[in-house]
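S.K.:
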Amino acid sequence: MNFGNASITLFKILILLAVSGTSFADIIQTKESLESRLQQQYGILNAKIKVCRTYQSRQIKITDKWLLAQTKQVQRVVIGELYKHAMNQCSREEERDYVNTLIQLAAIGEKEPLDQYIMLKGKDTTDSRGLELFRQQHVNLKEIDRLATLPKYQIPFYPLPD
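For the sequence shown, this note's numbering begins at 27 and goes up steadily by one.
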């Protein structure tokens, strides 16, 4: 009688292993296809960033009254922020596709690429010195948001004001 229960239990374990083995094989195949797609998207993203950088020779003239009223130091930081925003806008779709694949990889347990991306992307924020300068100079951040909506600041440009 115990032998019968042991046989049934063993049979259940074998079925479970067979099913989980198939699932494991599917996960490996999915991981490989996602890694391949990630490599493709990385290449596409880098190509788009190169295209975006070709716009860097585009000179802009500061004509906005609010921006002209700021100190040269504030102007430099604001222009730098607008430049980063324009570069991000330029490659936004390609980066979104890349990040979606990173998230899919993380969902199946391959988290390292997403962690690396987050670490690198974290360096793309306004640095603490710029934020401190904005605070000291009482810079209205809504004005920077307003400038970011202007057409001349939506396409990458030469980031050094004249």
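Backbone N, C-alpha and C define an ideal beta-carbon position, used for all residues, glycine too.
1) Determine the direct distance from the alpha carbon of Arg118 to that of Lys74, and round the result to whole angstroms.
2) Would Leu157 and Pro139 be called neighbours here (beta carbons separated by less than 8 Å)?
3) Thinking just about the alpha-carbon of each residue, which of Thr80, Leu108 and Gln85 is nearest to the one in Leu224?
4) On the premise that Phe183 lies in contact with Ile88, defined as a C-beta separation below 8 Å, what is that separation, rounded to the nearest angstrom?
5) Use the C-beta contact count for Leu173: other C-beta atoms within 10 angstroms, 16 or more gives buried, fewer gives exposed.
6) What first and last residue would you give for the alpha helix (DSSP H) that runs through Arg122?
7) Please confirm if the stretch 157 to 172 is in contact with the stretch 89 to 106, defined as three or more CB-CB distances below 8 Å between the two stretches.
8) Would you identify the three-state DSSP class for Glu136, choosing helix, strand or coil?
9) Quick check on His111: does DSSP put it in helix, strand or coil?
10) What are the start and end residues of the alpha helix (DSSP H) that includes Lys168?
11) Looking only at its chain, what residues have a beta carbon closer than 7 Å to the beta carbon of Pro185, apart from the 5 residues adjacent to it on each side?
12) Excluding the 5 residues flanking Glu121 on each side, which residues of the same chain have their C-beta closer than 7 Å to its C-beta?
13) Under the three-state reduction of DSSP, which class applies to Pro182: helix, strand or coil?
14) By the three-class DSSP mapping on this structure, what secondary structure does Gln101 have?
15) Looking at Ala112: is its Cβ nearer than 8 Å to the Cβ of Tyr179?
16) Spatial neighbours of Ile170 within its chain, please: C-beta separation below 8 Å, excluding the five flanking residues on both sides.
M.R.: Let me spell this out:
1) 10 Å
2) no
3) The structure shown does not extend to residue 224, since the chain is modelled only from 27 through 188, so no value can be given for it.
4) Contact doesn't hold; Cβ gap of about 11 Å is too wide.
5) buried
6) Arg118 to Ala133
7) yes
8) coil
9) helix
10) Leu167 to Ala174
11) Ile105, Gly106 and Tyr109
12) Leu71
13) coil
14) helix
15) yes
16) Val104, Glu107 and Leu108
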